[in-house]
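Undergrad:
Protein chains: 2
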Amino acid sequence: MATDYELDDFDREILRRVQADARATGEEIGAQIGLSAAAVQRRIKQLRKLGVITAEVALVNPAAVGQAMSFIVGVELERERVDMLDAFRRAARADPNVQQCYYVTGESDFILIVTARDMDDFEQFTRRLLFDNANIRRFTTHVVMARDKVGSMVPV
Amino acid sequence: MATDYELDDFDREILRRVQADARATGEEIGAQIGLSAAAVQRRIKQLRKLGVITAEVALVNPAAVGQAMSFIVGVELERERVDMLDAFRRAARADPNVQQCYYVTGESDFILIVTARDMDDFEQFTRRLLFDNANIRRFTTHVVMARDKVGSMVPV
DNA sequence: TATGAAACATGTGGTCG
DNA sequence: CGACCACATGTTTCATA
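In order, the protein sequences belong to chains A and B.
Residue 54 in UniProt numbering sits at position 54 of the first sequence, with consecutive numbering throughout.
Residue 129 in UniProt numbering sits at position 129 of the second sequence, with consecutive numbering throughout.
1) Under DSSP, the beta strand (DSSP E) around B:Asp148 begins and ends at which residues?
2) Applying the 10 Å Cβ sphere with the 16-neighbour rule, what's the burial state of A:Gln19?
3) Interface residues of chain B around A:Val153 at Cβ under 7 Å?
4) Give a yes or no on whether the C-beta atoms belonging to B:Asn135 and B:Arg79 are separated by under 9 Å.
5) Could you give the residue range of the alpha helix (DSSP H) that holds B:Val52?
6) Roughly how many whole angstroms lie between the Cα atoms of B:Ala87 and B:Ser108?
7) May I ask which residues mark the beginning and end of the alpha helix (DSSP H) holding B:Met84?
8) Which residue from B:Thr141, B:Asp121, B:Val65 puts its Cα closest to that of B:Leu112?
9) Strictly under 9 Å for the Cβ-Cβ distance: is B:Asp4 near chain A by that measure?
10) Between which two residues does the alpha helix (DSSP H) containing B:Gln124 stretch?
11) So A:Val52 contacts chain B; which residues on that side make the cut at Cβ distance below 8 Å?
12) Give the secondary structure of B:Ala68 by DSSP, where H, G and I count as helix, E and B as strand, and everything else as coil.
13) What would DSSP say about A:Ala116, mapped onto helix, strand or coil?
14) Specify the secondary structure class of A:Gly106 as computed by DSSP and reduced to three states.
15) DSSP three-state call for B:Leu129: helix, strand or coil?
16) Check B:Ala24 in the structure and name its three-state DSSP category.
17) Identify which residue in B:Val52, B:Glu13, B:Arg48 has its Cα closest to the Cα of B:Gly34.
18) Output needed for B:Ala91: all residues of its chain with C-beta closer than 7 Å, excluding positions within five of it in sequence on either side, in chain order.
19) I'd like to check one pair, A:Phe71 with A:Val40: are the Cβ atoms closer than 9 Å?
20) When the distance is taken between beta carbons, is A:Ala64 closer than 9 Å to A:Arg117?
21) If B:Pro62 and A:Val104 are in contact, beta carbons under 8 Å, what's the gap, nearest whole angstrom?
22) Report the residue from B:Ser152, B:Arg137, B:Arg138, B:Gln99 whose alpha carbon sits nearest the alpha carbon of A:Arg93.
23) Count the other C-beta atoms from every protein chain shown that fall within 10 angstroms of the C-beta of A:Arg43, then say buried if there are 16 or more, exposed otherwise.
24) Expressed to the nearest angstrom, what Euclidean distance is found between the alpha-carbon atoms of A:Asp9 and A:Arg17?
25) For chain A, is any of its Cβ atoms less than 9 Å away from the one on B:Glu107?
26) With distance defined between alpha-carbon atoms, name the residue in A:Asp148, A:Phe110, A:Val150 nearest to A:Arg138.
27) Chain A partners of B:Ile33, CB-CB under 8 Å?
28) Relative to the alpha-carbon of A:Ala24, which residue among B:Ile29, B:Val57, B:Glu6 has its alpha-carbon at the smallest distance?
29) Can you give the Cα-Cα distance for A:Asn97 and A:Val143, rounded to whole angstroms?
30) Can you grab the Cα-Cα spacing for the pair A:Arg48 / A:Ala38, in whole Å?
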């Protein structure tokens, strides 16, 4: 957990840099913030162990792998029962087209970020996860025309 | 660019793995898919150069760095004029609280994923980007209660 | 053109002061 | 925390198919 670890300025500087580029070497970062390479790596290791850094991942361009389209889908469940919530959650999490899934307050219960090769692929997705599901009252679809900012850069 | 590079099965297997863990070594991946470490690293290098892999980044837990809250905000502009769109785009992109920004079809013009330390921080954000902006007709806010799936894993 | 093996260079992680 | 050292990793070269 460690949801309330006290970061110092060095930690924050390191996080800013590895969020932009996880392959930055300890030496590079250290030279920029005034720390030895070893010290930087010690801190990164600690940040990983504490769960501040949850993962280091490669970002792939969806268009480059034939996933040309993105959608944002708001889902309203029929009745907010805990077991239904959990069932939908698990289905969304397991679906390969679902990039992100948020459980939210407001008109919608869930908001999904979805990628698909084309409209047909998206339609198959909606049938699989949404239409063939009696728990779902309605859903709204937004087609993404441009991703202006992407990734999960957190201000630290 | 290279938005239409033909990936083979090896490339796809590699992408699946580095999307989950960018620190996986060439040797580990190679052992799993039946390729030498050198071959895997050559392919990763190529995928980077072609823009299939756009970045390798560290994911940080927002709660662990005092960004306890997340919001999804739908923004409707007053009039869809190109210069207004671009102006909003640039402002959203530059705002440190905006994690992601999508330009979409449908009721909203933009959908933003926003993090904030607390409600007060979020309120400052809405004033900065939304209230003090004559171009914005209205916006809707969803408070994120749970992030069930996060990251940008693309099915390949 | 792409591969595997080996040599080389660089980055990483531990232990010491 | 910095300096060092052992080890792992990534990169390049080269012969081969």
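Here a beta-carbon is modelled for each residue, glycine too, at the ideal position from N, C-alpha and C.
TA: Looking at the coordinates:
1) In the second sequence, residue 148 of chain B corresponds to position 148, counting from 1. First-last of the beta strand (DSSP E) with B:Asp148: 136-149.
2) As a working mapping, residue 19 of chain A is identified with position 19 in the first sequence. Under this definition A:Gln19 is a buried residue.
3) Here residue 153 of chain A corresponds to residue number 153 of the first sequence, with the count starting at 1. The residue you asked about is not Val; residue 153 of chain A is Met in the sequence shown. What A:Met153 touches in chain B: Gln99.
4) By 1-based counting over the second sequence, the position of residue 135 of chain B is 135. By 1-based counting over the second sequence, the position of residue 79 of chain B is 79. Yes.
5) The residue given as residue 52 of chain B occupies position 52 in the second sequence. Note, B:Val52: premise wrong, no alpha helix (DSSP H); not H, not E.
6) As a first step, residue 87 of chain B is located in the second sequence; it is residue number 87 there, counting from the start. As a first step, residue 108 of chain B is located in the second sequence; it is residue number 108 there, counting from the start. Looking at the two C-alpha atoms, the distance is approximately 16 Å.
7) Residue 84 of chain B sits at position 84 when you count from the first residue of the second sequence. Its alpha helix (DSSP H) spans residues 82-94.
8) Locating residue 112 of chain B in the second sequence gives position 112, where the first residue counts as 1. Minimum Cα distance to B:Leu112 is reached at B:Thr141.
9) Residue mapping note: residue 4 of chain B aligns to position 4 of the second sequence, counting from 1. Note that B:Asp4 scores a pLDDT of 49, beneath 50, so its modelled location is shaky and nothing firm can be said.
10) Translated into the one-based positions of the second sequence, residue 124 of chain B becomes position 124. Per DSSP, B:Gln124 belongs to the alpha helix (DSSP H) from 119-126.
11) Residue numbering aside, residue 52 of chain A sits at position 52 when the first sequence is read from its first letter. Within chain B, the residues near A:Val52 are Val60, Asn61, Ala64, Val65.
12) As a position in the second sequence, residue 68 of chain B is number 68, starting the count at 1. Here B:Ala68 sits in coil by DSSP.
13) For the purposes of this step, residue 116 of chain A is taken as residue 116 along the first sequence, with counting starting at 1. In this structure, A:Ala116 counts as strand in the three-state DSSP scheme.
14) Here residue 106 of chain A corresponds to residue number 106 of the first sequence, with the count starting at 1. In this structure, A:Gly106 counts as coil in the three-state DSSP scheme.
15) For this step, residue 129 of chain B is matched to residue 129 along the second sequence. Helix.
16) Start at 1 with the first residue of the second sequence, and residue 24 of chain B comes out as number 24. If DSSP states are grouped into helix, strand and coil, B:Ala24 belongs with coil.
17) Position 34 of the second sequence, counted from the first residue, corresponds to residue 34 of chain B. The shortest Cα separation from B:Gly34 among B:Val52, B:Glu13, B:Arg48 belongs to B:Glu13.
18) Translated into positions along the second sequence, residue 91 of chain B becomes position 91. Excluding residues within five positions, the ones whose Cβ falls inside 7 Å are Leu129.
19) Residue 40 of chain A sits at position 40 when you count from the first residue of the first sequence. Residue 71 of chain A sits at position 71 when you count from the first residue of the first sequence. Contact: no.
20) As a first step, residue 117 of chain A is located in the first sequence; it is residue number 117 there, counting from the start. As a first step, residue 64 of chain A is located in the first sequence; it is residue number 64 there, counting from the start. Contact flag unset, no.
21) As a working mapping, residue 62 of chain B is identified with position 62 in the second sequence. As a working mapping, residue 104 of chain A is identified with position 104 in the first sequence. Contact flag wrong, Cβ pair sits at about 15 Å.
22) The count along the first sequence starts at 1 and reaches residue 93 of chain A at position 93. Residue B:Ser152 is the option with its Cα nearest to A:Arg93.
23) The count along the first sequence starts at 1 and reaches residue 43 of chain A at position 43. So A:Arg43 counts as buried.
24) Here residue 9 of chain A refers to the residue found at position 9 of the first sequence. Here residue 17 of chain A refers to the residue found at position 17 of the first sequence. Distance between the alpha carbons of A:Asp9 and A:Arg17: 13 Å.
25) Here residue 107 of chain B refers to the residue found at position 107 of the second sequence. By this cut-off, B:Glu107 is an interface position.
26) Translated into positions along the first sequence, residue 138 of chain A becomes position 138. Closest by alpha carbon: A:Phe110.
27) On the second sequence, position 33 is the one that residue 33 of chain B refers to. Chain A residues near B:Ile33: none, gap ~16 Å exceeds 8 Å.
28) Within the first sequence, residue 24 of chain A is the residue found at index 24, counting from 1. Among B:Ile29, B:Val57, B:Glu6, the Cα nearest to that of A:Ala24 belongs to B:Val57.
29) Here residue 97 of chain A refers to the residue found at position 97 when the first sequence is read from its first residue. Here residue 143 of chain A refers to the residue found at position 143 when the first sequence is read from its first residue. For A:Asn97 and A:Val143, the distance between alpha carbons rounds to 14 Å.
30) Here residue 48 of chain A refers to the residue found at position 48 of the first sequence. Here residue 38 of chain A refers to the residue found at position 38 of the first sequence. The straight-line gap from Cα to Cα measures roughly 15 Å.
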